[in-house]
Structure formats: structure tokens, C-alpha cells
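Going down the list, the sequences are from chains U and Y.
If you're matching positions, the first sequence starts at 1 in the UniProt record's numbering and goes up one per residue.
If you're matching positions, the second sequence starts at 1 in the UniProt record's numbering and goes up one per residue.
Protein chains: 2
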Amino acid sequence: FSFCTGAMDNRSFQQGSFSSFRSSSSDEDLMDIPGTAMDFSMRDDVPPLDREVEEDKSYNGGGIGSSNRIMDFLEEPIPGVGTYDDFNTIDWVREKSRDRDRHREITNKSKESTWALIHSVSDAFSGWLLMLLIGLLSGSLAGLIDISAHWMTDLKEGICTGGFWFNHEHCCWNSEHVTFEDRDKCPEWNSWSQLIISTDEGAFAYIVNYFMYVLWALLFAFLAVSLVKVFAPYACGSGIPEIKTILSGFIIRGYLGKWTLVIKTITLVLAVSSGLSLGKEGPLVHVACCCGNILCHCFNKYRKNEAKRREVLSAAAAAGVSVAFGAPIGGVLFSLEEVSYYFPLKTLWRSFFAALVAAFTLRSINPFGNSRLVLFYVEFHTPWHLFELVPFILLGIFGGLWGALFIRTNIAWCRKRKTTQLGKYPVVEVLVVTAITAILAFPNEYTRMSTSELISELFNDCGLLDSSKLCDYENHFNTSKGGELPDRPAGRGVYSAMWQLALTLILKIVITIFTFGMKIPSGLFIPSMAVGAIAGRLLGVGMEQLAYYHHDWAIFNSWCSQGADCITPGLYAMVGAAACLGGVTRMTVSLVVIMFELTGGLEYIVPLMAAAMTSKWVADALGREGIYDAHIRLNGYPFLEAKEEFAHKTLAMDVMKPRRNDPLLTVLTQDSMTVEDIETIISETTYSGFPVVVSRESQRLVGFVLRRDLIISIENARKKQDGVVSTSIIYFTEHSPPMPPYTPPTLKLRNILDLSPFTVTDLTPMEIVVDIFRKLGLRQCLVTHNGRLLGIITKKDVLKHIAQMANQDPDSILFN
Amino acid sequence: FSFCTGAMDNRSFQQGSFSSFRSSSSDEDLMDIPGTAMDFSMRDDVPPLDREVEEDKSYNGGGIGSSNRIMDFLEEPIPGVGTYDDFNTIDWVREKSRDRDRHREITNKSKESTWALIHSVSDAFSGWLLMLLIGLLSGSLAGLIDISAHWMTDLKEGICTGGFWFNHEHCCWNSEHVTFEDRDKCPEWNSWSQLIISTDEGAFAYIVNYFMYVLWALLFAFLAVSLVKVFAPYACGSGIPEIKTILSGFIIRGYLGKWTLVIKTITLVLAVSSGLSLGKEGPLVHVACCCGNILCHCFNKYRKNEAKRREVLSAAAAAGVSVAFGAPIGGVLFSLEEVSYYFPLKTLWRSFFAALVAAFTLRSINPFGNSRLVLFYVEFHTPWHLFELVPFILLGIFGGLWGALFIRTNIAWCRKRKTTQLGKYPVVEVLVVTAITAILAFPNEYTRMSTSELISELFNDCGLLDSSKLCDYENHFNTSKGGELPDRPAGRGVYSAMWQLALTLILKIVITIFTFGMKIPSGLFIPSMAVGAIAGRLLGVGMEQLAYYHHDWAIFNSWCSQGADCITPGLYAMVGAAACLGGVTRMTVSLVVIMFELTGGLEYIVPLMAAAMTSKWVADALGREGIYDAHIRLNGYPFLEAKEEFAHKTLAMDVMKPRRNDPLLTVLTQDSMTVEDIETIISETTYSGFPVVVSRESQRLVGFVLRRDLIISIENARKKQDGVVSTSIIYFTEHSPPMPPYTPPTLKLRNILDLSPFTVTDLTPMEIVVDIFRKLGLRQCLVTHNGRLLGIITKKDVLKHIAQMANQDPDSILFN
């Protein structure tokens with residue numbers, strides 16, 4: 001029994017819920033037949049045609065073609081025609097055309113009656129309503145997840161006797177015995193040792209607490225992995241690679257379904273609470289997309305159209321990031337930059353609306369208890385100095401190196417999981433990693449606290465009243481000027497915190513590599529940011545002490561006099577977090593905007609940008625792909641990267657099927673094949689579509705017909721249309737010629753014929769072909785030479801070719 | 001002598017600098033011949049071909065086509081081939097291919113020597129360097145413009161005796177005789193009456209000041225209009241419609257040249273200083289794009305490639321908005337949403353970089369003297385209440401109505417200017433409008449001050465120390481709680497300010513309609529924002545007084561107790577400004593982001609968004625186009641709108657040339673035409689390109705050749721290649737057959753043949769064709785039926801068809 005990872009794995013496509021994948025993926029491969037010899041030059045032996053004259057007859061009716069076509073559209077469509085099988089690529093052009101037809105029909109009808117007018121208006125506003133609902137639902141879910149995760153994280157340490165449903169913070173809010181100094185100590189909050197052995201002191205109590213901590217962590221992790229395994233295999237991982245693939249036009253049924261939503265929401269809380277090195281940000285995008293997809297079913301406009309639905313999913317992804325960080329603008333830019341494929345500008349505004357509604361829903365739930373929209377609100381009081389760009393750039397280099405290292409090792413580990421026995425024991429794997437994490441984490445307070453708390457503390461600028469170890473400076477109040485706190489020498493607390501943070505850094509770096517890709521919901525934003533924030537804080541405190549003790553050095557003395565507040569270590573933490581996140585995800589503008597929304601300071605855009613830019617350059621130099629693209633490639637999703645330019649100088653004829661030496665392209669003729677002929681072709685081949693030509697000899701292209709539509713139509717005709725038998729001739733022409741009496745009735749299938757298939761010439765450079773596939777969202781493209789049909793290129797051929805050009809084995813790469 | 005307006009006008013295309021336009025625009029129209037009778041059905045009479053067999057011979061060599069093609073590319077290109085004439089549309093696909101070839105060549109060479117490696121690296125970083133330079137230059141220019149405009153605006157009122165180069169504010173900064181209360185009164189600053197009649201009191205002094213004010217305004221306006229007229233006709237208007245057109249792939253030489261830059265910078269200062277109702281924001285985008293275009297000439301990569309250069313211009317536009325408002329993120333989004341056409345995600349990051357550098361350059365110049373990056377920094381202390389959404393939405397409705405009204409009346413006036421005698425006297429027009437503006441503006445202090453100062457004052461939340469009339473409330477300090485100022489009853493100053501603001505509103509509304517489109521640089525952002533800010537402030541003060549006097553009303557009493565600070569009139573002004581700007585420009589996300597960056601408060605996104613959304617809906621209901629699109633249509637620029645979907649159900653065959661009854665498509669054959677034949681065709685037609693077919697009878701498409709390339713190549717061959725004469729046969733095939741002796745040498749032109757022309761079938765819906773043109777940036781597309789070439793669709797045909805479908809006369813619309 002196997003299921004997916006962040007990372008759907010190898011076997012999952014062959015077994016279980018993925019069983020249909022192999023066959024349908026080869027469906028998609030229209031021309032995948034091992035070849036027998038046939039050279040292109042042989043084509044000259046094709047005899048000249050007498051048919052050549054007649055073949056244009058079908059055009060006779062061309063003058064009234066346009067009105068005829070509209071008639072065809074108003075005909076009742078055969079049910080099933082125009083839908084897709086699971087694990088197929090959608091045809092954006094066709095979907096958009098269908099939506100425009102629908103829209104036109106509604107607009108035309110709206111003049112007829114008041115009811116139709118209302119329908120038309122409600123149709124126009126349904127998009128906005130949908131956005132509102134997505135915002136509300138995903139905001140509420142995010143709030144729910146935040147609150148539950150907070151409570152369950154605290155459950156690992158103790159329980160509130162004032163009400164078990166309170167978390168540590170709320171428990172002590174309600175208490176009367178709390179001073180401001182010891183906000184988190186109150187009699188109502190009992191650690192497990194207090195409950196079990198009635199004391200919180202001594203080695204034994206420590207061991208009890210340690211034991212309970214690990215036990216809870218294991219319990220949560222076990223629940224999470226079991227729920228994912230049993231109920232919703234798609235709920236694991238961050239989901240962003242799969243969502244990118246879906247948005248690029250692939251169909252994975254159930255990936256955004258209600259079961260996935262429910263299980264992902266629950267297991268996300270469990271996974272976060274278990275103390276593993278993972279975040280909830282990526283999975284929240286998946287949750288929001290599930291919401292979007294489910295809500296689409298309430299609206300005809302979106303339910304029936306795969307392209308329109310993907311527009312909604314883009315907006316939902318924006319809402320997901322928006323609630324993950326409380327950053328609506330950053331969310332929209334993230335969706336634009338990272339997730340979306342076809343992002344019409346129209347959806348920009350709607351995405352923003354959804355993101356904003358989601359953020360405000362979350363704020364009114366107020367899970368952080370601070371009325372702030374954002375996760376890590378910080379306020380720095382000191383401007384940064386130009387010289388500080390040097391350490392910021394160093395942090396950028398660190399972030400880039402960490403990003404590249406993480407991607408390489410994580411991918412290597414995930415590949416090992418896919419290819420070895422390891423992948424067969426997901427539950428054991430999760431439990432082992434959880435146990436190691438929990439055992440190593442408990443003794444160190446910075447690993448014991450939840451990662452987002454840690455980041456929050458690292459970002460924080462030390463005030464006078466801060467009592468944490470990180471703020472344990474030696475105070476010399478006489479040197480302060482104004483309300484600012486000057487740079488001060490570090491106290492013992494700071495030094496011990498530095499050591500603990502260094503250990504935390506090592507643990508996080510190592511354990512995150514093994515955690516991301518396990519069979520539980522796991523995001524990467526928070527762990528990456530934590531790594532960067534720790535490194536940044538360490539460097540920041542180092543700089544601060546250097547400036548304090550050596551303010552007479554040339555690099556300092558121009559701007560950092562004694563007793564001034566020159567260096568803000570919290571800012572370094574923030575810059576480091578941005579650098580590491582950038583190195584892993586290769587986000588650019590959205591990263592800077594998210595960080596700036598997180599912290600609310602326009603002043604710090606330049607440091608953030610310097611670090612993010614360095615980090616991206618360094619990481620790109622070591623490997624072009626971000627973590628999501630790497631996982632897409634690892635899992636062989638049919639994703640045509642929109643950002644990378646195709647750099648090789650191959651031509652369409654090098655890519656198209658049939659290859660040289662392959663048998664001829666399987667084509668249908670427009671007016672000479674019988675039902676039986678076509679049924680034979682259907683049963684003998686697995687191609688998902690067939691070009692229709694005037695005649696086999698001339699190879700003049702008329703149109704393209706999809707296998708699925710053909711099968712459904714013939715079946716339908718056999719059932720309903722009187723007298724259609726195996727010897728009936730199928731006509732794809734506009735008018736069938738008058739038939740002699742006593743011949744079987746003909747079957748007219750022009751209505752399922754795509755009369756505007758895309759064609760390119762055989763000498764078209766592949767870079768242009770790739771561009772066409774990307775920008776128009778094609779599923780296949782026909783190749784002609786001097787007006788004769790020569791071959792076909794499918795999206796899969798393009799992907800294979802790109803993989804081949806990048807020196808990867810094309811077959812091992814795709815759909816493995 | 002005529003020149004352009006915001007709004008290039010009618011005659012300008014026929015006379016003066018535009019003289020080449022008519023002819024070249026008809027060049028572009030490949031198939032524009034009045035028709036003789038030829039019906040499509042006639043095609044069936046075409047005899048069957050014996051050639052049909054031989055025609056594929058050229059494919060014999062196909063096997064080595066790919067390597068041959070590379071050889072062709074390495075051949076020394078004929079100079080001039082691959083460039084464009086003025087007023088032509090570029091072919092994005094071809095430009096991009098060329099850039100990729102160039103890139104490949106550099107990458108391949110980089111392995112050969114260190115020097116080539118350095119070249120390759122410097123080539124890769126030249127984009128970033130260019131962005132840096134654009135940021136620095138446009139930031140500096142913006143600073144220069146700000147400072148000069150500030151000084152010259154004050155010059156209308158008086159002069160500083162401490163140094164004539166000081167503006168009013170700086171003059172008094174340097175003075176020792178200044179109290180905080182009367183910051184702007186100091187002995188060094190002399191009004192004109194003080195200088196001329198040595199007094200500032202009395203009616204006569206007032207008249208002297210009035211007279212001088214009008215005189216200076218007229219002088220500045222006259223200088224501006226004369227400079228534009230004499231030196232750089234392109235420098236007028238906001239420039240955004242033209243930049244949109246250029247970015248969509250049109251060539252207007254000189255529009256972004258150095259003369260335009262110099263004159264626009266100077267005249268912009270003059271125009272702003274003259275006190276006309278115009279802003280500098282739109283023109284700053286033009287200035288930044290000029291910088292970008294000029295700096296492109298320093299880099300081979302961008303100088304020679306029209307597509308790459310447009311990427312740079314997109315980024316420059318972002319930098320322009322960034323310095324106009326001090327809003328780098330807003331600038332990038334503005335460029336993305338409003339200006340750019342092909343915005344590859346790669347440029348998003350670069351645009352952001354350029355925008356940021358520009359903003360920081362401007363900040364270090366510090367033209368506003370407040371160390372703020374932004375134009376109107378405000379800080380509000382009170383949160384907004386949900387109920388206030390009602391007035392915010394009212395402001396949105398006002399903004400939408402104003403936007404729709406403005407666009408209609410302004411376009412009507414501009415059309416009048418184009419079609420009547422009015423347009424012949426641009427100088428007189430400018431002087432008259434300036435005189436009216438100045439005469440009406442002087443008596444009212446809110447019209448006398450510069451518009452951006454006015455907006456700044458309207459946005460401002462009244463503090464205790466504010467001494468302006470707008471803040472003249474009756475103080476009841478006993479009711480204040482905490483540091484906040486409660487709502488207070490308005491004093492006499494506020495009431496008189498309200499009257500003056502109402503008059504200002506009317507003046508601005510009326511005069512802006514006549515100002516925008518005159519023959520001087522004029523932006524629209526600031527006047528629109530001013531209108532909205534005044535309306536917002538009026539409503540805000542009204543609400544405030546209502547809440548003060550009727551705090552027991554049901555709508556107030558739940559949240560607005562007596563003595564609380566409930567209503568912030570400055571926020572209303574801000575929301576109103578956003579609404580009006582949105583109504584005029586139809587910006588959405590970028591508008592909200594700019595407003596939020598302007599004021600620095602994430603908290604107010606919801607009010608801004610509510611107003612912007614309402615405004616857009618209301619304005620869209622009254623007219624689909626924003627002001628820039630309206631001006632594009634008014635001037636007939638060949639701009640294919642990327643946002644609007646084509647909603648009609650026409651087919652490619654309805655749009656293609658030749659129309660039914662027209663003569664056959666002019667085609668070249670691949671191996672049977674002589675130099676003379678082709679020269680005859682070139683001289684007899686004006687089409688900018690010709691399809692090449694296997695034979696006239698079969699109409700099987702081989703490729704497409706551009707007129708310009710053909711002329712240059714034939715000329716070049718006649719000059720250089722020995723023995724090419726009129727009877728030489730031109731071969732477009734790969735191999736020319738062996739010739740009998742004593743025949744003239746052949747001319748091989750396969751290298752200028754585009755072997756991958758885009759084709760669609762005649763039954764392709766136009767919505768798909770429009771989509772292809774937009775997304776791929778095509779210049780023309782060939783139409784086939786069953787593999788036979790049937791016709792051609794150019795970008796201009798598409799634009800004409802769209803105009804026709806929208807019930808506009810296609811010929812009066814385009815290029816008039």
C-alpha cells in the first residue's frame with residue numbers, strides 16, 4: 001500500500017489510487033509506437049493525385065460555413081464530449097472558446113427576459129462572490145489551524161487546569177496570579193511533571209516532562225501519517241509542486257477534493273504540533289486551493305470549465321499565502337510569480353480581493369491575539385547604514401548556499417526514498433524522524449519552542465523590558481540618548497543564547513532535509529526562514545559587539561559613535577530569513593514584498609533586496625531550479641516551465657512523431673472511412689487524437705478529432721441514430737454527397753471535429769514551438785511541410801525533448 | 001506647422017515630422033487593394049497539378065536542414081535585413097529568436113577564450129547594469145524636476161533676497177527671523193509687490209501680485225509650448241498612450257529620443273510651474289522611458305533588438321512611477337498592469353530593482369526636504385469603522401462618475417481640437433487656458449498653491465499645532481482622552497475653507513478637461529487626485545461634524561461616543577483621491593498599492609480597495625475604456641488591447657485578405673520567378689511581405705518573405721554578386737537544380753525566407769486569432785484551407801476588424 005509524498009512517488013502511479021495513470025499517460029502520447037523503417041524522402045514516391053481536384057469540394061459550402069457553425073453550437077451537445085479523463089492535459093484554447101460561447105449565449109439571451117437578465121448579471125458577479133467565499137473559508141480555516149496548532153503545541157508541555165482547551169498563553173491570561181515579568185508562569189498552567197509527580201523541580205521531573213514531550217510528538221506524528229495514509233494520500237507534502245502542475249493545465253482528480261481538504265487541515269495541525277521541522281505555509285496554499293476548487297462546484301461557470309477554474313485556483317493560492325503570512329499583496333505576487341501559469345490580468349484584481357478578504361477574516365479571528373494582521377510584526381527604530389550592506393550580502397551568500405545545498409540533498413534523499421525500500425515504510429520513517437527531532441529538541445529551549453515563535457523572537461529588537469536571554473545585555477543607561485537603547489555589551493545570557501542558537505542552526509539544517517518530502521503535510525517557508533533568521537541573528541549580534549568594542553575602527557567611526565544604537569540584530573535576522581527563503585524557493589519580488597509586509601517597514605526594502613538578489617544569484621549559479629521545480633521534475637509531472645527559455649537549436653521536425661523510420665502518421669480521411677475502419681484504428685492505437693485529412697495521398701489537413709469524443713460519438717450514434725452500422729461511412733465534411741439507395745445511413749461527425757488545429761511547419765525552431773505551447777496552452781500541434789501533414793507534436797513530446805536536451809533520460813523523467 | 005498632442009493630431013500624420021506615416025502605414029497593410037470579382041468557389045476550377053509531385057523535391061535535403069540552417073545563421077547577414085521602418089509593427093517572434101541566437105552564440109564562444117568568457121559574463125550582467133543606470137538617471141532627473149518646479153512655482157509669488165535660487169521654504173529656513181508659528185513669513189522673502197511698490201498691504205499691492213502671478217504663469221506656459229513646438233513635438237502630453245503603443249510593438253522613432261528627453265524635462269518644469277491643472281507623474285514615466293531608450297544604445301544586446309529593448313522600457317516605466325510617487329512596488333505593478341504588453345516574469349525583478357534604485361536616488365536628492373521617500377506621507381491615528389465603508393463607497397461612486405465624465409468630455413474636446421480650426425493655434429490655446437486658470441486661481445488660496453501641496457494639506461490629519469484654516473476647530477481640551485485629538489466642532493476657518501474648497505473643486509473639474517491634451521507635457525494623476533481629495537475632505541468634514549453633533553444617532557452611538565476621535569477627514573480625502581484616480585485610469589491593484597505606499601499604512605487597504613472597486617465598476621458601466629485607451633483609440637494607434645476579450649463570433653475567413661471578390665493573393669513561387677518578375681511585383685504592390693508557395697496552382701505554402709528584406713537582398717545581389725541580371729531566377733528552395741550552361745546565374749534567397757510562418761485555418765474563430773496575435777506578438781498570419789494558402793491576416797486587419805465589430809468606422813479609426 002503506497003501513497004504520495006511531497007513528491008508523489010514511483011509506485012503510486014502504478015498502484016492504488018494512481019492505477020489509471022500509466023494507461024492514460026500513454027493515451028496522451030499520441031505517437032509513441034516503436035518504429036519501422038520509413039524515411040521522409042520516401043514521400044516523393046507518393047503518386048500524384050486525381051483526388052486533388054475533388055478534395056476541395058467540401059469548401060463549396062464555405063460561404064455559409066459561419067452560420068452553419070453557429071447552428072452546430074446550438075445543437076444539443078452529446079454528453080461527455082468536451083470533458084477530460086484523469087491525468088490528462090487540458091486544451092486551454094478549447095476551454096476558453098467554450099467559455100466565450102457560454103458567455104455570448106448568456107449575453108444574447110439577457111435581452112429576451114428579465115429572468116435571463118438577472119441570470120446574466122448574477123453570472124457576471126459570480127466570480128466576485130466566489131472570491132469572497134474563498135477568502136472567508138480559507139481565512140477561517142487558517143484561523144482554526146493556527147488556534148489548534150497553538151493549543152496542541154502547548155499540550156506537549158503541559159495542560160491548563162482552568163480549562164483544558166486553553167493554551168499556555170490564554171491559560172495565564174485568565175489567571176489572577178500573573179505579573180508582567182512572568183507572563184507565562186501561572187498556577188493554572190501545569191506541566192506534565194506537576195500533574196504526574198506533583199513537582200516541577202529536579203531531574204526526575206525533567207525526565208517526566210522530556211518523556212511526555214517526546215510521547216506527544218510521536219502520537220501527533222503517528223496520527224498525522226496514519227490519517228494521510230488511510231484517507232487522503234494526496235494530503236501530504238506542501239502541495240505547491242502539484243498545484244503548479246494543475247494550474248499549468250493538468251488534471252489530477254481528487255487532489256483538490258473535499259477529503260483532501262479535511263484530512264490536510266487535520267493532519268497539518270498534527271504535523272505542526274508534533275514539533276517537526278516544518279511549516280504550515282505551503283500546505284495552507286493547498287488548503288486554500290481545495291477551498292477554491294470545492295466552491296467552484298457551486299457555480300456553473302466554473303464547475304464546467306477547466307480553464308476558468310484554474311483562474312479561480314490562482315486567486316485561491318494568493319489567498320493561501322495571504323493567510324499564511326498576513327500579507328495580501330505578497331500573496332498576490334507569490335501567486336503571480338511562483339504558482340500561476342496563465343494569469344490574465346483580470347484575475348490580478350480578483351486575487352487581490354480574495355487575498356484581502358482572507359487576511360481580514362483571519363484578523364477578525366485573531367489567532368495571534370495581538371490584533372495584527374501579520375505573523376511577525378516588528379518595529380525597528382534605527383535606520384540601517386550603507387556599510388551594513390556588506391554583512392547583508394554575506395547573509396545573501398549564506399542563504400544561496402543553504403538553498404542550493406538543501407535542494408540537492410533533499411532531492412537526493414527523496415530520490416532514495418522513491419527508489420529504495422525506504423519508501424515502503426512511511427509511518428516508520430515519520431516516527432523515527434519525529435523521535436529524533438523531539439529528543440534533540442527538548443533540551444534546547446530554542447528548538448523546543450515552535451519555529452514561528454523562534455523566528456518571532458529572533459526578529460525582535462531588544463527593548464528595555466525584554467526579559468529573554470537574547471536581550472540579556474549589560475545595561476549602561478547613562479550612555480543612552482533620547483528614548484533609544486544604545487548598543488550595549490552582551491551579557492552572559494546572550495552568550496549562552498548564541499551557543500544554543502548555533503546548535504539549533506545545525507539541527508534545523510540537518511533535520512529539515514529529511515523532513516521535507518515525508519508523507520505528512522509539510523511546508524518549507526518557516527524552516528527556511530528559521531535557518532536564515534538564526535544565522536542572521538548570530539551575525540547581527542557579532543556585528544553589534546564588534547561595533548561596541550571597536551567603534552573606533554575606520555569602518556565604524558564615521559557612523560557609529562559610542563553610546564549610539566548602530567546595529568539592530570533583529571534586522572539581520574530578518575534579512576537572513578529572506579535570504580534563505582529566497583535561496584530555497586527562488587522567489588524574488590514576492591519574497592521582498594512578503595518580508596516587507598510581515599514587518600511593516602518600507603525602509604528596509606533595500607537590505608532585503610540586496611540579500612534576496614545575492615541569494616538568488618548564488619543559488620542559481622549552483623543549480624537553476626527552485627525546490628518546487630526540483631520536486632516537479634523528480635516526480636515527472638508534465639509541467640512546462642514558463643520562466644526558463646528553451647535554449648537549443650532544434651527544429652519541430654526533430655521532435656515530431658512519427659520519427660524517421662517510424663510508420664506513417666495515423667490519420668482519418670474526411671469522407672471515405674467506415675465506422676468499422678475507425679473502430680479498428682481506435683482499438684489498435686492508443687493515441688488520444690487523430691488528424692483528419694482530405695485523403696491519405698494528399699495529406700491535406702482538415703481538422704483534428706479527439707479519441708474520447710470519437711468513441712463517445714460513435715457509441716451514441718449506434719444507440720440513437722437508426723441504422724448506423726459498421727459499414728456506415730463517417731463524414732467529417734460539411735455536406736455528405738447524395739447516396740445511392742440501399743446504402744447504410746452515413747454518420748456525420750463534423751461537430752466533434754476541431755476545424756482549427758494549430759499547425760507549424762517542420763522547420764519551425766523548437767524555441768518557437770515551446771513558446772506556442774506555453775503561451776497558448778496547447779495540448780498538441782500538427783506539423784506540416786509545404787502544406788502536407790507530416791506529423792504531430794504533443795505537450796509530452798515537448799517535455800521529453802526538453803528533458804533530453806538537458807541531458808536527462810526522457811523516459812525516466814516523465815511520469816515515473 | 002503642426003505637432004502632436006497627448007493626442008498626436010490628425011495633420012501631424014500628414015505633414016512635418018510624420019510625413020512618412022501615411023505611406024508606411026499602408027505598407028503595413030499587406031492586402032489593401034480594392035477588389036475585383038473572384039469568388040472562393042472558383043478555386044475548384046484550378047486544374048490538377050503535375051507539379052504536385054515535384055513540388056516536394058525541395059524537401060529532399062530536409063534531412064540536413066537543421067545543420068544547414070545553422071550555417072545560414074553564421075553567414076554574414078546583409079546589412080539592413082531584419083530591421084524595421086518607422087511606424088511599423090515589430091515581429092516579436094522574430095526578435096526573440098534573434099536574441100536567442102545571439103545569446104547562444106555568445107555562450108558557445110565563451111568556452112573558447114577568457115576574453116569571450118568575460119564578454120559572456122558582462123553580457124549577462126549588462127541588463128542589471130542598465131537597470132542601475134536607468135534608476136540613477138531617472139531618479140536624478142525627477143529630483144531636478146521637483147526642485148526646479150518648486151522654485152519656479154514660488155517665483156510666481158515672489159523672490160528671495162537672500163539668494164534668488166532659493167524657493168520660499170528654503171529662503172525662510174536660512175533666515176534667523178522666523179518663528180515656528182509663521183514658518184513661511186520671513187524678511188528675506190519678498191513678494192513682487194514688496195519689491196515693486198515696497199508694500200504688501202492694500203488693494204494695489206494685491207493687484208500687483210495678481211498681475212505678476214498671471215504674467216509669470218503666461219511666460220512659463222508660452223516658453224513650454226514654444227519649446228515643445230519648435231524642438232520636440234513628441235514631448236507633449238502625458239506620453240503614456242504612446243508608450244503603451246510602443247511597448248505593444250510599434251516603432252515611433254524619436255519618441256523616446258534624446259531631444260524629447262531634454263525638451264520634455266524642461267517644459268515639464270515650466271508647465272507645472274505655470275499653475276495649470278496638470279501633474280508631472282505621467283510625463284515622468286515618459287522621461288524615464290526616454291532614459292531607458294537612450295541608455296539602451298550603450299549595450300549591444302538592447303540596441304539591436306526591439307523586443308529586448310521593450311523589456312527595458314517596461315522596467316523604465318516602473319522606475320518612472322516609482323519616482324513620481326516614491327512608490328517602487330506600486331510602480332512595478334503599474335507597469336505590469338497598465339503599461340506593459342509582454343511582461344516576462346524575468347523583468348519583474350529587474351523592474352523592481354530599477355524602481356528601487358530610482359526611488360533611492362530621488363530620496364538622496366531629497367527634493368521634498370523631509371527625508372521621506374513618498375510624496376504625501378501621512379499618519380493617521382485612528383482606525384476606521386466598518387460603517388464608514390458607506391461614505392467610502394459613496395466616494396467610489398463619485399470617483400467613477402467623475403472618471404467617466406472626464407473621459408467623455410476630454411475625448412470630445414480633443415476630437416474637436418483635431419477636427420476643427422482650434423488645433424491650428426496650439427500656442428494661443430495654451431495661453432488662453434493658462435490665463436483663465438491663473439486669473440481664477442489667484443484669489444483662492446487653495447487654487448493658488450501647487451496642486452501637490454493642496455493634496456498634501458487635504459490628506460493631513462489635523463494636529464494640535466496645525467495653524468491652517470482647515471484645522472481651525474474650536475478646541476475643548478477637557479474632552480480629549482489620551483494623546484488623541486477628539487472630534488471637535490468646526491470653527492469659522494473650517495467653514496470658509498469648505499467654501500473655498502468647493503469652488504476649487506468646480507474649477508479643477510472644469511479646467512482639467514480642457515488642459516489634458518494640450519500641446520504641453522501634462523499628467524493626469526495629480527489633478528484627478530486633487531478632485532477626489534477635495535470631494536473626500538468635504539465629505540469627511542461633513543461626517544465629522546455630523547458625528548460630533550449627532551453622536552447619539554443610531555449609526556454613530558455604537559462606536560462614536562462624545563469626545564472620541566471617530567472620523568479622520570484626511571482619510572476620506574485619501575480614499576476620494578484613490579477613487580477619482582481609479583475612475584480616470586481604471587487602475588486596480590497598482591492604484592491601491594501606490595496609495596498605500598504613498599501613505600504608509602497597511603491598515604487602510606480595505607477602505608481604499610472598496611472605493612477603487614466601486615469606482616471602477618461605476619466607471620466601467622458608463623464606458624469601458626480608461627483615459628489612456630481612449631486616447632489611443634482617438635489617435636488610432638495600432639494597439640491591440642491585451643485585457644479586453646474579443647467577444648464576437650467571426651472566423652478568420654471573414655477577416656483575411658483577399659476578401660471575396662478581391663483579386664488573388666499576391667504570392668511568389670519558390671523556384672520559377674525571375675528577378676524582374678519579383679521587382680515588378682514589388683513596384684506594383686505596397687504589401688510589406690509576400691508568401692512564397694511551391695507553385696501558384698497548388699498554393700502550398702513554403703514560407704514568408706518581407707518586402708524590405710527582399711528589396712535589400714536583390715539590391716545587394718545586383719551590386720555584389722557577379723552576373724545577377726533581370727532574367728536570373730530567384731530560388732527560395734534549399735538546392736537550386738543544375739542549370740544548363742549559358743543561363744544567367746541564379747539568386748538564392750532562402751536565407752531571408754521565414755520558413756516558419758504562422759498559419760491558421762480559415763475556420764479558426766477570430767477570438768483565437770486575436771489571442772494568437774496578442775500572446776505571440778505576431779505581425780501577420782497566413783490563412784489556409786485544407787492545406788492550401790488562401791489569404792493573410794495582418795495585425796492591422798485584426799485591429800480594423802475589432803473596430804468594425806465595435807461599430808466604429810474602421811478606416812476613420814486607424815492611423816487618422
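Idealized CB from N, CA, C, for every residue including glycine.
query	result
8 Å is my cut-off, CB to CB: does Trp349 (chain Y) come that close to chain U?	yes
Please check the pair Gly536 (chain U) and Ala490 (chain U), which I expect to be a contact at CB under 8 Å, by giving their CB distance rounded to whole angstroms.	The Cβ separation is near 16 Å, so there is no contact.
Short check: CB of Leu753 (chain Y) to CB of Gly787 (chain Y), under 8 Å?	no
According to DSSP, what are the bridge partners of Asp671 (chain Y)?	None, per the DSSP bridge assignment.
Would a check of beta-carbon distances place Ile365 (chain U) closer than 8 Å to chain Y?	no
Count the other CB atoms within 10 Å of the CB of Gln421 (chain Y); is the residue buried (16 or more) or exposed (fewer)?	exposed
Just to make sure I have the definition right: I need the residues of chain U whose C-beta is within less than 9 Å of the C-beta of Pro521 (chain Y). Which are they?	Ordered by position in chain U, no residue passes the 9 Å Cβ test against Pro521 (chain Y), which lies about 28 Å from the chain.
Does the Cβ of Glu52 (chain U) have 16 or more other Cβ atoms within 10 Å, making it buried, or fewer, making it exposed?	Since pLDDT at Glu52 (chain U) reaches only 40, below the 50 mark, its modelled position is unreliable, and no value is offered.
Run down chain Y in chain order and give the residues with a C-beta less than 7 Å from the C-beta of Leu571 (chain U).	Per Cβ cutoff of 7 Å: no residues; Leu571 (chain U) is ~17 Å from chain Y at best.
Would you mind reading off the limits of the alpha helix (DSSP H) that contains Cys291 (chain Y)?	Glu281 to Cys296
Would Pro658 (chain Y) pass as an interface residue toward chain U - the criterion being a Cβ-Cβ separation below 8 Å?	no
To the nearest angstrom, how far is it from the Cα of Val694 (chain Y) to the Cα of Leu668 (chain Y)?	9 Å
Have a look at Tyr495 (chain U) and Gly542 (chain U) and give me their C-alpha separation to the nearest angstrom.	10 Å
The region 282-314 of chain U: which residues have C-beta closer than 7 Å to a C-beta of chain Y, in chain order?	none
Spatial neighbours of Asp762 (chain U) within its chain, please: C-beta separation below 6 Å, excluding the five flanking residues on both sides.	Ala652, Met653, Val783, His785 and Leu790
With distances taken Cα to Cα, identify the nearest neighbour of Trp413 (chain Y) among Y:Leu362, Y:Met518 and Y:Ser335.	Y:Met518
On a Cα-Cα basis, can you pick out the residue from Y:Gly399, Y:Ser138, Y:Ala271 and Y:Leu799 that is closest to Gly636 (chain Y)?	Y:Leu799
Determine the chain U residues that contact Met609 (chain Y) at a beta-carbon separation under 9 Å, and present them in chain order.	Phe352, Phe353 and Leu356
Counting only Cβ-Cβ distances shorter than 9 Å, please list the residues of the region 85-110 of chain U near chain Y, keeping chain order.	Val93, Lys96, Ser97, Arg100, Asp101, His103, Arg104 and Thr107
Check the Cβ of Pro765 (chain U) against every Cβ in chain Y and list those closer than 8 Å, keeping chain order.	Ser97 and Ser756
Between the C-alpha atoms of Leu608 (chain U) and Glu474 (chain U), what's the straight-line distance to the nearest angstrom?	30 Å
Quick check: what's the CA-CA separation for Tyr742 (chain Y) versus Gly723 (chain Y)?	11 Å
Kindly give me the distance between the Cβ atoms of Gly330 (chain U) and Ile134 (chain U), rounded to whole angstroms, as I take these residues to be in contact under 8 Å.	In fact, because the Cβ distance is near 17 Å, the residues do not count as touching under 8 Å.
Is the Cβ-Cβ distance between Leu218 (chain Y) and Thr447 (chain Y) less than 8 Å?	no
Against chain U, does Gly202 (chain Y) count as a neighbour if the rule is that its beta carbon must be under 8 Å from one of theirs?	no
To the nearest angstrom, report how far apart Thr437 (chain U) and Gly275 (chain U) are at their CA atoms.	7 Å
Show which residues of chain C have a CB atom less than 7 Å away from the CB atom of Ile768 (chain Y).	The structure shown contains no chain C; the protein chains it does contain are U and Y.
Going straight from the alpha carbon of Leu256 (chain U) to that of Cys289 (chain U), what length do you get?	7 Å
Can you pull out the residues from the region 642-656 of chain U whose beta carbon lies closer than 9 Å to at least one beta carbon of chain Y?	Ala642, Lys643, Glu645, Phe646, Ala647, His648, Lys649, Thr650, Leu651, Ala652, Met653 and Asp654
Looking at chain Y, is there any beta carbon in it that lies within less than 8 Å of the beta carbon of Val589 (chain U)?	yes
Could you check what DSSP says for His150 (chain U) in three-state terms: helix, strand or coil?	helix
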